[in-house]
Amino acid sequence: ANFLQLELTFAQDAVLVTIIMFGALVFQYVKKIAEAISERFFYQNRYDPKLVLDQFSEIVVHNIELRVLINHGLALVSATFKPETVGIHLFGQGERDAISIGVSSAKETLDYIKSVFTKIPDDEVVLVTEAIESVEDWKQLKKLNIDALVVLRSSGSTLGFIVLGSKQGGASYNKVDTTVLGTLANEL
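In our numbering, the protein residues as written are 221 to 408.
This is how it looks when you write it as structure tokens:
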């Protein structure tokens with residue numbers, strides 16, 4: 221019963237306080253390292269929406285050539301959302317004027333995708349495959365490896381669309397993703 225009643229000397233008190241202070245200081249450093257490691261392994265799909273939008277604004281401001289703008293924009297979308305595939309199709313005055321990168325330019329594929337996004341309300345620009353009610357549309361989009369469809373509109377006209385495949389690692393497109401994709405589409 222006597223072992224619980226320890227009497228420490230001044231030197232022992234000083235050493236104990238020093239060890240506790242050192243532990244408190246090192247704890248923050250160790251905590252940051254542990255958070256960085258867990259971020260790397262468990263939150264691989266995490267990104268800062270504001271930073272992505274700022275980067276996209278920079279791309280838009282500094283590129284006047286359409287193909288350069290498209291390539292840089294698709295690279296940003298790919299790096300941010302990590303889809304297995306990403307592509308864009310812009311309608312032209314005729315079939316020859318259309319621009320298609322990473323999307324099948326087969327007429328039946330384009331006509332099918334157009335038929336799907338005509339079902340998207342005018343106030344929305346992003347359709348996530350998981351939200352589709354039609355089983356046939358869902359199956360067809362999955363067959364085309366499309367998990368998200370972003371409609372590009374301006375002044376009531378449809379200019380084209382961006383398609384994103386499944387995310388690497390199998391994560392779904394969430395509300396933040398669709399909001400950021402919608403904002404990117406509106407900036408174009």
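Just so it is clear, CB atoms sit at the ideal spot from N, CA and C, and this is done for glycine as well. Nothing here was measured: the structure is a model prediction, and the numbers come from that model.
Thinking C-beta only, is residue j closer than 9 Å to residue i?
{"i": "V383", "j": "V272", "result": "no"}
{"i": "V346", "j": "V371", "result": "yes"}
{"i": "V297", "j": "L404", "result": "yes"}
{"i": "S280", "j": "L408", "result": "Before going further, note that residue 280 is Val rather than Ser in the sequence given. Against a cut-off of 9 Å, the Cβ pair of L408 and V280 comes out as a contact."}
{"i": "G385", "j": "T305", "result": "yes"}
{"i": "G307", "j": "L289", "result": "no"}
{"i": "D357", "j": "K387", "result": "no"}
{"i": "N283", "j": "I321", "result": "no"}
{"i": "R373", "j": "D331", "result": "no"}
Applying the criterion that 16 or more other CB atoms from any shown protein chain within 10 Å of the CB defines a buried residue, is residue i buried or exposed?
{"i": "F381", "result": "buried"}
{"i": "Y393", "result": "buried"}
{"i": "V348", "result": "buried"}
{"i": "F247", "result": "exposed"}
{"i": "E227", "result": "exposed"}
Following the continuous alpha helix (DSSP H) through residue i, name the residue where it begins and the one where it ends.
{"i": "F381", "result": "No alpha helix (DSSP H) contains F381, which is instead part of the beta strand (DSSP E) from S377 to L384."}
{"i": "A295", "result": "L286 to F301"}
{"i": "L404", "result": "K395 to E407"}
{"i": "L330", "result": "K327 to F337"}
{"i": "V345", "result": "Counting along the chain, V345 falls outside any alpha helix (DSSP H), and DSSP gives it neither H nor E."}
{"i": "S277", "result": "P269 to H282"}
Of all the options the options, which has the alpha carbon lying nearest to the alpha carbon of residue i?
{"i": "E350", "options": "K359, D343, D342 and E227", "result": "K359"}
{"i": "G390", "options": "T229, Y249, A254 and K302", "result": "K302"}
{"i": "N406", "options": "F242, K251, F276 and I239", "result": "F276"}
Assuming residue i and residue j form a contact by the criterion Cβ under 8 Å, report the distance between their Cβ atoms to the nearest whole angstrom.
{"i": "A318", "j": "L310", "result": "6 Å"}
{"i": "L361", "j": "V336", "result": "7 Å"}
If I follow the unbroken beta strand (DSSP E) through residue i, where does it start and stop?
{"i": "L372", "result": "A368 to S374"}
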